[in-house]
Amino acid sequence: MTILGFLAALFGLALVTALWVLLPLVRPDAGAEERGE
Amino acid sequence: MTVIGQAALLVALLASLWALLASILAVATRREPFLASAGRALGATFVLLALACLGLVRAFLADDFSLEYVADYSCRSQALVYKLTAIWGGQSGSLLFWATLLALFAGLTVVTTRRLPRQLVAWTFLVEAAVLVFFVLVSAVVDNPFRRLPGGIVPADGVGLNPLLRNPWMVAHPPALYLGYVGITVPFAFALAALATGRVDGAWLRAIRRWSMFTFTFLSLGIFLGAYWAYLELGWGGFWGWDPVENASFMPWLTMTAFLHSVLAHERRGVLKGWAFVLVILSFLLAVFGTFLTRSGIISSVHAFARTSIGWWFGGFLVLAAVLSFGLLLARLGALRPENRLDSLLSREGFLLLGNVLLVGLMLIILWLTMRPAFDELRTGVQSAVEPIVFTRATRPWFVLLLFLMGMGPVTGWRRVAPAVLLRRTLPPALGALAGGVVLFLLGAREPWSLAVFVAALFTVLGVFQALLADWRARRMHTGEGALVALGRLALANRRRWGAWVSHVAVVVMAVGIAASTAYEKKRVFESIAPGTALELDGYRLRYVQLEARNLPEYDGLAARIEVLRPGASTPDVVWPELRVYGGRERQQTTEVAILSTLLPRSPREMRRLGEDLYVIPAGMDPGTGRVSLEVIVHPGINWLWIGGILLLVGTHLAAFPAPEEVAEALADGVAARPVPAR
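From first to last, the protein sequence lines stand for chains A and B. At position 24 of the first sequence the residue is numbered 24 (my numbering), and the sequence of numbers has no breaks. At position 293 of the second sequence the residue is numbered 293 (my numbering), and the sequence of numbers has no breaks.
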């Protein structure tokens with residue numbers, strides 16, 4: 001159970017982080033929006 | 001929650017690695033999306049590390065002794081607050097905490113640098129990400145706080161946090177010091193970014209002004225709280241024992257102090273430009289050096305963690321960071337020529353330069369003495385000890401010179417001061433200080449170094465007072481304001497200058513406390529005394545009454561009731577020195593000293609005892625016979641050290657938040673001071 005929980009947390013967090021971090025590369029205007037441009 | 005934390009730490013490593021890669025790509029390609037991605041990765045690293053911290057907190061709260069770190073630093077009977085603070089009680093937890101703070105600061109720079117030149121920002125992210133990768137790597141791979149005990153063992157109870165650390169100061173001292181240490185990374189990252197992009201004008205200094213003050217304030221607060229804590233705990237050598245780890249926090253403080261002063265000279269006069277870079281780089285390296293010192297075990301110290309290989313990771317990082325940052329500095333040496341020449345050494349910038357030299361010199365002496373045992377070990381195979389008195393003897397002339405120099409700031413002006421004018425302004429505080437010194441000598445202050453400190457302190461205080469008086473008079477003459485209104489408005493409009501002067505007065509007040517308490521300390525040991533015995537030391541009359549048992553959930557204690565009659569008082573105060581044995585898997589003993597302070601004298605005769613402490617150490621207690629052994633010490637003036645420390649925080653706070661017109665004035669001065677380009 002602990003190993004499964006760990007793996008689920010690992011992949012879940014990695015996926016969310018990757019989506020969030022890589023978004024400006026896929027949609028270059030994402031960064032501009034953040035800067036209020 | 002613990003498994004989420006464990007997973008979050010690994011993902012944080014990936015996120016920080018991506019932050020580094022994306023910022024390298026942003027620097028190389030100058031493409032905004034990479035920079036945006038790097039910024040997001042820094043923010044994500046912080047969120048993930050915060051999750052890891054929460055996971056560890058959860059493990060402590062749930063008494064999850066399957067984790068080695070929890071089993072080592074907590075036990076079932078440990079109070080809730082110390083279960084929470086145990087997160088920075090040991091090595092792996094404190095490294096995770098350090099990395100989390102670093103990620104927080106990196107995330108904050110992402111938010112606060114949106115209007116700065118993009119290439120400068122990209123380089124700043126790159127440096128921050130590189131430092132972050134190192135700390136997260138160490139925390140996730142080399143010394144993971146989520147490591148489980150081998151063989152799936154789950155002990156019934158943990159060892160428990162060292163009882164010395166079960167102290168309210170544990171809540172405040174380490175985080176304050178870490179905020180200071182970690183905060184230096186931001187100015188360091190900006191400095192390297194400025195060097196890398198060639199933008200070595202004042203822009204980077206303006207961008208990090210607040211950060212530098214923040215770092216300096218927390219470093220001061222951390223050291224100050226640590227000194228107070230060490231004073232309360234027996235066996236830590238008093239408020240300052242020149243322990244390697246104490247020195248490791250003091251050395252970056254000295255270079256940060258020098259840095260803040262060199263920034264002033266740079267801002268106003270365009271001089272000491274290269275110095276500012278050297279000092280920031282040194283401060284960062286010294287902060288990491290402190291971590292290396294405690295983790296490598298190359299020097300023995302009361303703060304040292306277990307000897308592990310982790311120290312060599314830090315050693316390697318230190319060498320790499322030093323080579324890269326000083327290499328970059330050397331490569332840019334041509335661009336670091338000062339915009340202005342130093343007109344005269346008899347000027348405020350001249351004295352600032354001298355102060356810088358003294359501060360750095362002091363740091364080098366402390367560094368040399370701290371490292372000497374390790375050098376001796378290399379040479380002879382045996383680690384020698386450098387006694388605290390060696391440090392004191394080597395450093396005190398420098399301290400006294402610095403104290404005098406602090407008084408010169410208020411009496412000098414920028415650019416150049418004619419010797420006759422300087423003499424005229426210096427003479428009143430100097431004569432006042434000398435007269436004060438003679439009076440103190442006649443009153444019995446005969447120890448030469450303490451007398452030198454008292455005279456220097458008086459000189460600085462009188463110098464500041466004279467300058468304030470001149471400002472106040474000038475304002476009243478120009479505006480026709482009332483006395484109090486003029487004073488209040490002066491303080492509000494000149495926060496930066498007042499902040500600096502309050503800080504200088506604070507430091508001399510601290511110096512007076514240190515000099516008085518060390519030079520005029522009185523001590524007596526009373527061996528195996530029976531209940532009812534009367535004792536006497538320096539006018540204090542003590543009577544040991546009886547022993548009392550104190551059994552609390554966390555510890556079993558034995559306390560001695562001692563009635564103390566202060567000199568000239570008619571009713572006694574009661575103090576309780578105590579010996580405690582804490583629960584947990586290993587029963588650990590502590591000695592709790594009792595302190596009676598004289599903060600407000602009750603009669604004029606008691607004036608000389610202002611700020612004095614009576615300090616009672618229980619050396620031994622026999623519950624069978626009721627006999628105790630006590631060491632009683634009188635620390636004259638020690639509380640001035642703490643009062644000065646609080647004043648220093650007020651001063652740095654004032655200086656950190658100047659009135660807008662002051663900033664404009666300083667910038668205008670700086671622009672005016674710079675030569676007009678030929679074309």
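Beta carbons: idealized from backbone N, C-alpha and C, even for Gly. This one's a predicted model, so the numbers in the text were calculated from it and none came from an experiment.
Alpha-carbon spacing of residue i relative to residue j, whole angstroms
{"i": "L14/B", "j": "F391/B", "result": "45 Å"}
{"i": "G381/B", "j": "M371/B", "result": "14 Å"}
{"i": "I24/B", "j": "L324/B", "result": "15 Å"}
{"i": "P252/B", "j": "L364/B", "result": "11 Å"}
{"i": "Y544/B", "j": "A230/B", "result": "26 Å"}
{"i": "L17/B", "j": "A207/B", "result": "26 Å"}
{"i": "A176/B", "j": "G499/B", "result": "21 Å"}
{"i": "R566/B", "j": "E527/B", "result": "22 Å"}
{"i": "L25/A", "j": "S92/B", "result": "35 Å"}
{"i": "P410/B", "j": "W501/B", "result": "8 Å"}
{"i": "W204/B", "j": "H266/B", "result": "12 Å"}
{"i": "L328/B", "j": "L192/B", "result": "8 Å"}
{"i": "L54/B", "j": "V200/B", "result": "41 Å"}
{"i": "V359/B", "j": "L353/B", "result": "Note that residue 359/B is Leu in the sequence shown here, rather than Val. So the two alpha carbons sit approximately 10 Å from each other."}
{"i": "F682/B", "j": "I514/B", "result": "One cannot answer for residue 682/B here, as it falls past the ends of chain B, which runs 1 to 679."}
{"i": "L282/B", "j": "H261/B", "result": "15 Å"}
{"i": "V319/B", "j": "E68/B", "result": "31 Å"}
{"i": "G43/B", "j": "F289/B", "result": "27 Å"}
Residues that residue i contacts on chain B, provided the C-beta gap is smaller than 7 Å
{"i": "L22/A", "result": "S37"}
{"i": "L13/A", "result": "A7, A8, V11 and L48"}
is_contact[residue i, chain B] using C-beta, thresh 8 Å
{"i": "L25/A", "result": "yes"}
DSSP state of residue i mapped onto helix, strand, coil
{"i": "A420/B", "result": "helix"}
{"i": "P682/B", "result": "Here chain B comprises residues numbered 1 to 679, so residue 682/B is not present and cannot be evaluated."}
{"i": "G578/B", "result": "Note on identity: in this sequence residue 578/B is Glu, with Gly being the wrong assignment. The answer is strand: DSSP assigns E578/B an E or B state."}
{"i": "R495/B", "result": "helix"}
{"i": "L95/B", "result": "helix"}
{"i": "D201/B", "result": "coil"}
{"i": "S347/B", "result": "coil"}
{"i": "D63/B", "result": "coil"}
{"i": "D471/B", "result": "helix"}
{"i": "L537/B", "result": "strand"}
{"i": "V545/B", "result": "strand"}
{"i": "I3/A", "result": "helix"}
{"i": "T412/B", "result": "coil"}
{"i": "V632/B", "result": "strand"}
{"i": "Q383/B", "result": "coil"}
{"i": "R446/B", "result": "coil"}
{"i": "Q119/B", "result": "helix"}
{"i": "R341/B", "result": "coil"}
Interface partners of residue i on chain B, CB under 8 Å
{"i": "L10/A", "result": "A7, L10 and V11"}
Amino acids of chain A, ordered along the chain, whose beta-carbon sits closer than 7 Å to that of residue i
{"i": "V154/B", "result": "Residues of chain A passing the Cβ test: none, with the nearest at roughly 13 Å."}
{"i": "I4/B", "result": "A9"}
{"i": "A15/B", "result": "T17 and V21"}
Residue-level contact to chain A via CB, residue i, 8 Å cutoff
{"i": "A44/B", "result": "yes"}
{"i": "A474/B", "result": "no"}
{"i": "E33/B", "result": "It should be pointed out that residue 33/B corresponds to Pro in this sequence rather than to Glu. Chain A contact via Cβ: present."}
{"i": "R40/B", "result": "yes"}
{"i": "A420/B", "result": "no"}
Cβ-heavy atom distance, residue i to the ligand SAH, below 7 Å
{"i": "Y540/B", "result": "The ligand SAH is not part of the structure shown, which contains no ligands of any sort."}
Checklist entry - Taking any Cβ of chain A, which residues in the stretch 17-29 of chain B have a Cβ under 7 Å from it, in chain order? => result W18
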